[in-house]
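Accompanying notes for the structure given below.
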């Protein structure tokens, strides 16, 4: 089975975003592994590692609604640029924190939550932009390519992170993540202008976001979808236990 790469051939902007995100997501996947391991190294507490994931989930849930409310209203290119710059700054703080004699656990929590929130804020605009830069008939190919990118980065990123963490420490792993953001930043600053919707609707507010939440709560089919996804996020991948499992099964560098 082959993947149609037509979107990469015909759309310069999609090509930029695809490869920029491919490189950047590799670094992000590394940090996704390193942050909870570092929390466990500093505290020895699986509870705190679990709370780290919970803090990320809260920001993801909140910012996803905000990002969705604004995706059809603001300049999508500007949203991508702001969120990429924000993620770069957060990763810079992680690098700095790792250089401290005693890295601050609270900074790890703040950075992890902010990074998760920025990703959730960006995603609706990113998805909406794809529909503007790639012909509609090729969107199924775009989905396949994006799925391939996600699978490659989520397999290779954590694998390399484990090696880097064991041999060189968290600071080097975060540094690699920081360098990879150069690719995504270059991509979002090189893509062409995307038409902004005419301002025929009222600017989104906290009230409109709350109304969206209320609507989702009343629609059982939507609520059910959210609950299924939340269940998978909480119980399908017990990442809070991975650092402790690694330590208990012989990975001495973890603890």
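Numbering (our numbering), first residue to last: 1 to 255. For every residue, glycine included, the Cβ atom is placed at its ideal position computed from N, Cα and C.
7 Å Cβ cutoff met for residue i and residue j
i           : j           : result
residue 173 : residue 34  : yes
residue 107 : residue 90  : no
residue 56  : residue 112 : yes
residue 105 : residue 42  : yes
residue 23  : residue 186 : no
residue 258 : residue 30  : Residue 258 cannot be examined here, being either before or after the span of the chain that is shown, 1 to 255.
residue 243 : residue 37  : yes
Three-state secondary structure assigned by DSSP to residue i
i           : result
residue 134 : coil
residue 163 : helix
residue 115 : helix
residue 193 : coil
residue 276 : Since the first and last residues shown for the chain are 1 and 255, residue 276 lies out of range.
residue 36  : helix
residue 103 : coil
residue 68  : helix
residue 169 : coil
residue 175 : helix
residue 219 : coil
residue 13  : helix
residue 23  : helix
residue 255 : Unreliable positioning characterises residue 255 in this predicted model, as indicated by a pLDDT of 43, which lies under 50. The coordinate reading is nonetheless provided below. Correct three-state label for residue 255: coil.
Residue i versus residue j - alpha carbon distance
i           : j           : result
residue 274 : residue 142 : Limits of the chain in this structure are 1 at one end and 255 at the other, which puts residue 274 out of reach.
residue 210 : residue 165 : 42 Å
residue 129 : residue 44  : 43 Å
residue 170 : residue 75  : 36 Å
residue 280 : residue 13  : Beyond the ends of the chain as shown, which are 1 and 255, falls residue 280; an answer cannot be given.
residue 132 : residue 73  : 14 Å
residue 110 : residue 103 : 13 Å
residue 66  : residue 60  : 10 Å
residue 32  : residue 100 : 20 Å
residue 71  : residue 117 : 15 Å
residue 123 : residue 93  : 23 Å
residue 78  : residue 176 : 25 Å
residue 194 : residue 188 : 12 Å
residue 40  : residue 52  : 10 Å
residue 5   : residue 64  : 29 Å
residue 126 : residue 168 : 34 Å
residue 149 : residue 191 : 19 Å
residue 225 : residue 88  : 32 Å
**Request:** May I ask you to verify whether the segment 77-84 touches the segment 149-160, counting CB pairs closer than 8 Å and requiring at least 3?
**Result:** Under the 8 Å Cβ criterion, the segment 77-84 does not count as touching the segment 149-160, having fewer than three qualifying pairs.
**Asked** Within the chosen definition, does the segment 9-19 reach the segment 126-145 through at least 3 CB pairs nearer than 8 Å?
**Response** Judged by Cβ distances under 8 Å, the segment 9-19 makes contact with the segment 126-145, as three or more pairs qualify.
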